[in-house]
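To keep things clear, I will list the structure first and then write my remarks on it.
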Amino acid sequence: MEPSFDENETNQLIKYMRGGGWVTEFKKTQEFSEMVRDYTKSKFCSIVSNGTVSLYIALMACGVRKGDEVIVPDYTMIASPNAIVLAGAKPVFCDIEKATLCLDFELFKKLVNPKTKAVMLVTVNGRYPTKYMDIVNFCKENKIFLIEDAAQSFGSFYKKKHLGTFGDIGSYSFSAPKIITTGQGGALVTDNPELYEKIRKIRDFGRENPGNDHYLTLGWNFKFTDLQAVIGIEQLKKMKFRVKRKKEIYKLYTKLLRNNNKIELIPTNLEDTSPWFNDILVEKRTELIEFLKMSNIGTREFYPALHSTPVYNIRKEFPITEMVARKGLWLPSSVKLTDEDIAYICSKINEFYK
Ligand SMILES: Cc1ncc(COP(=O)(O)O)c(C=O)c1O
């Protein structure tokens, strides 16, 4: 997932430093935040230090606290449930559907109870649940906050509307492996002015406005830096090309691996989804990883079933998550990969199974 930069980032960084910038967040962060807001067609956007604190801020803004439960898929990056714990609430794990690797609506409904304050809907790898709109409507009807963890979904849509913009607050990550990166970074989007006001204060020590010391609420320092924003602005300008390239890469992998009956591809609607990673389900995963490593091809196993990790250690069964956690493999996915690179990777995978 090597990130990709060119002379534009370098030149703009030099220009910024020569222009006497203070490095910390200011006009460049504002500009980057407006660009993310416009790209996602949201009403408000706030840029923060990373895609973990963005989730924490979202939970705090929704008033999640001790005694509350937040439903979260068992298959996600650890930051999703950990942010819930950080907010003082209890993460309630839910299994996913195999078709999309996202939250299973029917199972989700069974977990809802009077303590359920919010759901953290993870749009895994730019995909969305089969019953996406049912989840959105159910949350509205039952007054459950819908926080979309769209860390992996920047550049992905549902019917031309950006993922992360269907619930109360959406959260993105700009960490190094993401489609665009600022090294570390995150964003929150919302259409709700009251939630935005809360977000704005929570990320800046609870201040009424930047630079004054009237503390209206509890808050911390989750701010950004203009140095990163300079990079983010240049990265964002490349989104059109990157979305196109991500889809091309996915299509090529699909074409070259389709006939291999030891590999299961996850159905992906490329009209909507801009796959962040190329994810497949395989047999003999450990051996395949070792085999590819010998040809200098890096891969990565899917996340584990989080409920079963030592940090949560919950004795429950989530069969779909457990199955994909056992079989799932991410293949090289950087936008820097050439078609020849992908053909080589696929030839090695096919060779392994022969
Ligand atoms: C689904 C999900 N949520 C949250 C995060 C955390 O983002 P960050 O690494 O920016 O803190 C990630 C990071 O990959 C993620 O994939």
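Quick note, my numbering runs 12 ahead of the 1-based positions in the sequence shown.
Where a beta carbon is used, it is the ideal one built from N, C-alpha and C, also for glycine.
Source: prediction; values computed, not measured.
query	result
Select from S286, L230, F236 the residue whose C-alpha is nearest the C-alpha of M6.	The structure shown has nothing for residue 6, since the chain only spans 13 to 366.
Are the CB atoms of I90 and V104 nearer to each other than 8 Å?	no
Would the C-beta of A163 count as close to ligand 1, meaning under 7 Å from any of its heavy atoms?	yes
Does the Cβ of S54 lie closer than 7 Å to at least one heavy atom of ligand 1?	no
Under 7 Å from any heavy atom of ligand 1, does the C-beta of Q42 make it?	no
Rounded C-beta distance between G198 and V60? I'm assuming under 8 Å.	5 Å
Might you give, ordered along the chain, the residues of its own chain that have their beta carbon closer than 7 Å to the beta carbon of G63, omitting 5 neighbours on each side?	A91, A163, S183, Y184, S185, S187, G198
DSSP on K5, reduced to helix/strand/coil?	Here the chain comprises residues numbered 13 to 366, so residue 5 is not present and cannot be evaluated.
Grab the span of the alpha helix (DSSP H) containing I90 for me, first residue to last.	Taken as a continuous stretch (DSSP letters only), I90 belongs to no alpha helix (DSSP H), as it is neither H nor E.
From N224 to E246, what does the alpha carbon distance come to, in whole angstroms?	31 Å
From K267, E283, D284, L282, pick the residue whose C-alpha is nearest to that of E276; which is it?	K267
Are there 16 or more other CB atoms within 10 angstroms of the CB of W342, so buried, or fewer, so exposed?	buried
Does the distance between the C-beta of Q196 and the nearest non-hydrogen atom of ligand 1 fall short of 7 Å?	yes
By how many angstroms is the C-alpha of I332 removed from the C-alpha of I278?	13 Å
Per DSSP, what kind of secondary structure is H319 in: helix, strand or coil?	helix
Could you compute how far the alpha carbon of M132 sits from the alpha carbon of I192?	23 Å
May I have the straight-line CA-CA distance separating S214 from Y265, to the nearest angstrom?	Strictly speaking, residue 214 in this sequence is Ile, with Ser absent from that position. Cα to Cα, the separation comes out at about 43 Å.
My understanding is that A95 touches Y68, with C-beta atoms under 8 Å, so please give their C-beta distance in whole angstroms.	5 Å
If you follow the alpha helix (DSSP H) that C151 is part of, which residue opens it and which one closes it?	144-153
Just the C-alpha distance for V387 and L248, rounded to the nearest angstrom, thanks.	Outside the displayed range of the chain (13 to 366) lies residue 387, so it cannot be described from this structure.
Classify N273 as helix, strand or coil using the three-state DSSP reduction.	coil
Which ranges would you report for the alpha helix (DSSP H) in the region 217-295 if only whole runs of at least 4 residues count?	238-248, 251-269
Return helix, strand or coil for A199, following the three-state DSSP convention.	strand
Between the beta-carbon of S307 and the beta-carbon of S16, is there less than 8 Å?	no
In the region 115-194, which residue ranges form an unbroken beta strand (DSSP E) of at least 3 residues, counting only runs that do not cross its ends?	128-134, 157-161, 181-185
Consider the C-beta atom of G179 and the heavy atoms of ligand 1; say whether any pair is separated by less than 7 Å.	no
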